[in-house]
Every structure is written in C-alpha cells, then in structure tokens.
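Working notes for the structure below.
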Amino acid sequence: MSAVFKREFKTYFTSPIGYIVLAMIYGLSGYYFFMYNLASGYADLSYVFSSVLSFLMLLVLPVLTMRLMSDDKRQKTDQALLTAPVSLTGIVLGKFFAAVLLFTIGIAIMLVFAFIIATQVTPAWLVIFGNFIGLLLLGSMIIAIGLLISCLTESQFVAALGTFLASFALLMIDSVGELLSSSKLATTIADFLSISSRYNNFTSGLMQYDDIIFFVSMTALFLFLTVRVLDRKRWN
Amino acid sequence: MIQVQNLTKRYGSHLAVDNLSFQVNEGEILGFLGPNGAGKSTTMNILTGYLSSSEGTVTINGHDILEEPNEAKSSIGYLPEQPPLYLDMTVREYLDFVFDLKKCTFNRKKHLAEICRLMKIEHVYNRLIKNLSKGYRQRVGFAQALIGNPPVLVLDEPTVGLDPNQIIEIRTLIKNLGKHHTVILSSHILQEIEAVCDRIIIINDGKIVADDTAAALSEKYSSDRRLMARIAGDEKRITDILTHLNGVADVVCYGEKEEGVFEYALEPQDGVDFRRTLFTALAKEGYPLLGLRSMEMSLEEIFISLTREQLPAVTHKGGKSK
Numbered sequence: 002m003s004a005v006f007k008r009e010f011k012t013y014f015t016s017p018i019g020y021i022v023l024a025m026i027y028g029l030s031g032y033y034f035f036m037y038n039l040a041s042g043y044a045d046l047s048y049v050f051s052s053v054l055s056f057l058m059l060l061v062l063p064v065l066t067m068r069l070m071s072d073d074k075r076q077k078t079d080q081a082l083l084t085a086p087v088s089l090t091g092i093v094l095g096k097f098f099a100a101v102l103l104f105t106i107g108i109a110i111m112l113v114f115a116f117i118i119a120t121q122v123t124p125a126w127l128v129i130f131g132n133f134i135g136l137l138l139l140g141s142m143i144i145a146i147g148l149l150i151s152c153l154t155e156s157q158f159v160a161a162l163g164t165f166l167a168s169f170a171l172l173m174i175d176s177v178g179e180l181l182s183s184s185k186l187a188t189t190i191a192d193f194l195s196i197s198s199r200y201n202n203f204t205s206g207l208m209q210y211d212d213i214i215f216f217v218s219m220t221a222l223f224l225f226l227t228v229r230v231l232d233r234k235r236w237n
Numbered sequence: 004m005i006q007v008q009n010l011t012k013r014y015g016s017h018l019a020v021d022n023l024s025f026q027v028n029e030g031e032i033l034g035f036l037g038p039n040g041a042g043k044s045t046t047m048n049i050l051t052g053y054l055s056s057s058e059g060t061v062t063i064n065g066h067d068i069l070e071e072p073n074e075a076k077s078s079i080g081y082l083p084e085q086p087p088l089y090l091d092m093t094v095r096e097y098l099d100f101v102f103d104l105k106k107c108t109f110n111r112k113k114h115l116a117e118i119c120r121l122m123k124i125e126h127v128y129n130r131l132i133k134n135l136s137k138g139y140r141q142r143v144g145f146a147q148a149l150i151g152n153p154p155v156l157v158l159d160e161p162t163v164g165l166d167p168n169q170i171i172e173i174r175t176l177i178k179n180l181g182k183h184h185t186v187i188l189s190s191h192i193l194q195e196i197e198a199v200c201d202r203i204i205i206i207n208d209g210k211i212v213a214d215d216t217a218a219a220l221s222e223k224y225s226s227d228r229r230l231m232a233r234i235a236g237d238e239k240r241i242t243d244i245l246t247h248l249n250g251v252a253d254v255v256c257y258g259e260k261e262e263g264v265f266e267y268a269l270e271p272q273d274g275v276d277f278r279r280t281l282f283t284a285l286a287k288e289g290y291p292l293l294g295l296r297s298m299e300m301s302l303e304e305i306f307i308s309l310t311r312e313q314l315p316a317v318t319h320k321g322g323k324s325k
C-alpha cells in the first residue's frame, strides 16, 4: 500500500494536477478570506468554508480523482500493480490516501487563516474545527466515489465528468427531496442521503457520532465497491 | 515449479483458453508459441494473476494463484506484452517504486544496480521513461520483472520492437537467466523459440496442439521420414537400383537438378535406416552420391501445419522441393 501511496502522491507533483489543485484552493479561499475576514474585519471563518464548498466538490475533487485508476488502465500499468504481491485493497487504499492527503494539504490553508485571525481575536475554534473535519470527511467520501468512477473508465475526462455529476447529485438531493415531499418514501431517502443537513451540523461546531459514522461508512462502502469492481474485471 | 490444470477462460461466449494443462519444471525454459489471438497472452495473464481463470487451477512454486495470491505472485517476475511503465517517472523512480511494490528485502542500491547492469540501462537511469526509445522501454520493463529475483519469469514477447542486435542480446540474456530461473516465454517468432527454449508448447485457438522439445516435435510431425538423395548418372538405371534396395519402400525422381545429376526422394520401410546400403550399392555401380538429406520438418513447417487448420483454406500450390 505504501508504495502505491507514495507513487500516487508524488505523481500529483510530477504532473501539473497537484499544483493546479492547490493553486485553485489557495487562490479562491484566499480571496474569500480577504473579502469576508480581512477587509471587513469579521472573525467568523464559516463564510469562507461555505463559499468554497461547492467549488471543491464540483471542480477540485473530480480533478483530484480522475486519473487515479483510469490512467493505470490506459497505460496498462495496472498489470504491474495487479501482478505484484499486493492486495487489491492495498492498491485502492494507497490511491485513496494519496488523494486525501493532497486534499488535506489544500484545505489546511483554512487553519492558517484561523491562526491569522487568532493574532487579533480568539476565533470560534470549535466551529473552525467542525468545518474542517466536516469538509475532510465529505471530501474523503467524494474521493472514494471518484475512485470508483475512475475505475470504471479508461478516460480521465469521463472519470472527472462522472465525479462531477455525482457531486452535483449530492448537492441537489435536498431540493429533490423537497420537490417530492408528497411521497413519504422519497423524503425519507432524501433525508438519509442528505449531505447538507449532516454537513451543517459540523459547520455549527456540532460533531455527532452518527454524522461521522455516516461519512466514514459511506467512504468505506465506495472503497469496498472499488475493490469489488477491480476484482470483477479480472473475471470477465 | 508451475502447474496448470484444466485452465479455461471465457470472455462471454468466446472461449479464449480451452482446457489447458501443462507443467513447467524448475530451470526449464518453456516456449509458448502460437499465432496472434491463440490465447498466449491470456494464459500468461492468468498465470501471473492479472486475470482470473473461468475454470482450472494454476500453482506457482506450490502456491495456488487464487488461494495464496501474494505468495504466488512474489515468485513471479512478469513482463507483459506492453511493458507496464509509468511514463512520467524516471527509470530510477520507477524501479524504486517496483522495488517497494514487490516488498523487496534486498539491498536496494546493490540489487537495482545489478539489474541495470544486466539490462544495460545504467546510462538512462535518470531519464524520464517517456523519452526513452521502444527498445529501452522494453529493457526497463524487463528490469522490472527481474526485481526481487523471482524464481519464475513470465515474458510475453520480450523481443518485440527491438533491433536485431538487441534481440540477440536479450535472447542470450534469457538463456543465461534460464540457468537459475524457470522461464516461460511467448513469441510468434519461431527462430527465437527454437534458439532459446528447452521445450515448446504450440497453442492454437486456446488449445495445446503440441508440447515437446523442438527435436522431438520435428521427429513426431515429420509424417514421412523421406531422404532426398542427389546422384549423378543415368536416371533409369539408378531408379532401378534404388527400387531394389533393401529397406526402400518407394522412389520418386524429382528430375535433373544439375547437369547429369538427378534428385530422388526415398521413402523407407518402417524405421529402416538404409543409408549405408544405399552408399555401398551406388559405389559398387560407380554412381557418385553427391548429397543426402533428410526431409525433417522445420519448426516453422510444423507450426504452420498445426495451426493452419482454423484459417480459411489456402489454395494449395503444388510446390516442388528445391
């Protein structure tokens, strides 16, 4: 696992993807931080978090995950991975954690902002950590989804588009649930899957077990599916 | 070392590999020969654990590839048809990565240096793989297979894309490796298999059609063990002598090949070696025997005759032997 992890993480920086992703995150969040906090002298970082959320979900995470599996298949390097004495789970986890680490480095800029605020006034640390943990958990889940989608195609573009659509669907679940409010079943499903209601708990500094378990188990589910899909391909 | 039993692979309704069984002994170099699409690569992909078989078992070094994949896989070095190279890495980074991936416990620097020397890639060690020529990429792929010094090497068309000098180098290398490794080598180049391998398996349409040494194959499939003789002198008289020779079943004259020299095809009676009597008989009559060769089929002819059935019928040209 560690060999795959190291290679994937390094590859982010031998190709432009790693730099572009970090530059996008730092640039955009820096802009919002300047506008909301520095320029208007406001101590609450929540605005910055909520402003970059959909940008991260729709653009950054698809770009981060698009190459992970699809490129190995296109270059046939999966033959080296799958014939090495490494388990499929090891391969998938290595790639997953490489993407999670890059994402974490990206959103860690928020903590830098928090320390900048802390030089002037005590920030609401609980809210900031809640936001950070929530974003990390949500990001990890979408990375797992992206990994699964990347496993289904040889084209990076198709993988990115698929992850974009999945993220988009996650963002839209609430409004779809409202639209179908006449059906009890639809509302129940939408409520369960609703990302925003769970995510909002984090943003208000509420770290509840069931929310954490929801994100972690969803992530595990998609990683498990990725392993299954990889294994299944060997049988066809 | 390698045991394959009733291996079958289906892609939907297409049968790519059909009930293959064979084994490879330690230190053997096995040649896997077959036309394109015969199922060579599929079989190799199953042996190395890249694909799973639909039926049958593969045991490498005592470990079943499905039951104990990690143990089995760590005994194999695999060079697929297209070397699995990360183009955006340098040779050094790539080999380092494979070293980690295979969980190698050797001294890294020494082991990699040794392999690079063997594959002659030291001088491209720090170059990006995407900037290397096909031949060098193939060597890096080969180097990757050698990392960890696995007892079994599976090489899928290892000389494709190399220039003639490199081909000879790689063949020598494989032969040398064969002294300490069990090697399975696939190719559709017959000379290569003939030059390198101890044993040959010819595969066609997913089935084994022959499994033996080159010499034995040649023996087995030379349906007629005819001798071709060139004899100077009167055609009629000589035909007469030959026909009455002990052990000769049939004589056909192929006509005048040189001035006053005729060529005859002699068919022996079962297993009789009449070369000595032939010589004495001709010498007694004063007809010089200018040449004698057996009509053993070359590996190429065997290969063609074994694998051609499936192809649409080729109009037969009644080619005479030269």
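Here the protein sequences line up with chains A and B, keeping their order. The opening position of the first sequence corresponds to residue 2 in our numbering, with each subsequent residue numbered one higher. The opening position of the second sequence corresponds to residue 4 in our numbering, with each subsequent residue numbered one higher. Ideal Cβ placement from N, Cα and C applies to all residues, glycine included.
Going by DSSP, which residues form a beta bridge with residue i?
i: P271(B); result: V251(B)
i: G80(B); result: L156(B)
i: K12(B); result: V20(B)
i: H66(B); result: I63(B)
i: I204(B); result: F35(B), D214(B)
i: I5(B); result: V27(B), I63(B)
i: C256(B); result: Y267(B)
i: L131(B); result: T93(B)
i: E261(B); result: V264(B)
In terms of residue numbering, what span does the alpha helix (DSSP H) encompassing residue i cover?
i: G163(A); result: 157-180
i: D166(B); result: Premise fails: D166(B) is in no alpha helix (DSSP H) and is neither H nor E.
i: L104(B); result: 94-104
i: V49(A); result: 47-56
i: T227(A); result: 210-236
i: S44(B); result: 43-50
i: S327(B); result: Because residue 327(B) is not part of the residues shown, which for chain B are 4 to 325, the question remains open.
i: V5(A); result: 3-15
i: I190(A); result: 185-194
i: H114(B); result: 111-122
i: E238(B); result: 238-246
i: A284(B); result: 278-288
i: S308(B); result: 302-310
Find the nearest neighbour of residue i within the set the options, judged by alpha-carbon distance.
i: L248(B); options: E266(B), V275(B), V264(B); result: V275(B)
i: D175(A); options: A161(A), D73(A), I196(A), Q157(A); result: I196(A)
i: S151(A); options: T164(A), L60(A), I108(A); result: T164(A)
i: T90(A); options: R233(A), K234(A), R229(A); result: R229(A)
i: E304(B); options: K112(B), S77(B), I49(B), L193(B); result: L193(B)
i: T78(A); options: D67(B), H66(B), F100(B); result: F100(B)
i: L166(A); options: S71(A), N38(A), P63(A); result: P63(A)
i: N129(B); options: F109(B), P154(B), N152(B), L98(B); result: L98(B)
i: K113(B); options: G151(B), Q272(B), V7(B); result: G151(B)
i: A218(B); options: D159(B), D201(B), R233(B); result: D201(B)
i: G178(A); options: L172(A), T12(A), A187(A), S55(A); result: A187(A)
i: R229(B); options: Y290(B), Y257(B), N207(B), G209(B); result: Y257(B)
i: R111(B); options: R95(B), H17(B), A19(B), L88(B); result: R95(B)
i: Y48(A); options: S198(A), V128(A), Y210(A); result: V128(A)
i: N201(A); options: F225(A), F116(A), P86(A), F50(A); result: F50(A)
i: V93(A); options: A115(A), N132(A), L46(A), I144(A); result: I144(A)
i: A44(A); options: A125(A), S55(A), F56(A); result: A125(A)
i: T51(B); options: K234(A), A221(A), L23(A), A85(A); result: A85(A)
i: T310(B); options: L293(B), I211(B), E270(B), V7(B); result: I211(B)
i: A268(B); options: T280(B), L285(B), M298(B); result: M298(B)
i: G37(B); options: L285(B), S190(B), I241(B), H184(B); result: S190(B)
Could you spell out the range, first to last residue, of the beta strand (DSSP E) harbouring residue i?
i: S190(B); result: 185-190
i: M231(B); result: 230-235
i: A213(B); result: 210-215
i: G34(B); result: 32-36
i: G59(B); result: 58-63
i: S30(A); result: Not the beta strand (DSSP E): S30(A) falls in the alpha helix (DSSP H), residues 18-33.
i: G138(B); result: First-last for G138(B): 137-149, but that is the alpha helix (DSSP H), not the beta strand (DSSP E).
Do three or more CB pairs link the stretch 16-26 of chain B to the stretch 172-189 of chain B at distances below 8 Å? no
Are three or more beta carbon pairs between the stretch 147-155 of chain B and the stretch 71-82 of chain B nearer than 8 Å? yes
Could you give the uninterrupted runs of the alpha helix (DSSP H) lying entirely in the stretch 59-147 of chain A, keeping only those of 4 residues or more? 62-66, 71-75, 79-83, 89-108, 110-119
Does the stretch 134-141 of chain B come close enough to the stretch 158-166 of chain B that 3 or more CB-CB pairs lie under 8 Å? yes
Three-pair Cβ contact test at 8 Å for the stretch 100-112 of chain A versus the stretch 132-147 of chain A: yes
Are three or more beta carbon pairs between the stretch 96-107 of chain B and the stretch 4-11 of chain A nearer than 8 Å? yes
Cβ pair count under 8 Å reaching 3, the stretch 110-125 of chain B against the stretch 49-68 of chain B: no
Within 8 Å, do at least three Cβ pairs link the stretch 109-121 of chain A to the stretch 19-34 of chain A? yes
For the stretch 116-126 of chain A against the stretch 9-28 of chain A, are there 3 or more C-beta pairs whose distance is under 8 Å? no
Okay, do the stretch 146-160 of chain A and the stretch 63-77 of chain A touch, 3+ Cβ pairs below 8 Å being the bar? yes
With a cut-off of 8 Å, do at least 3 Cβ pairs link the stretch 235-253 of chain B to the stretch 46-60 of chain B? no
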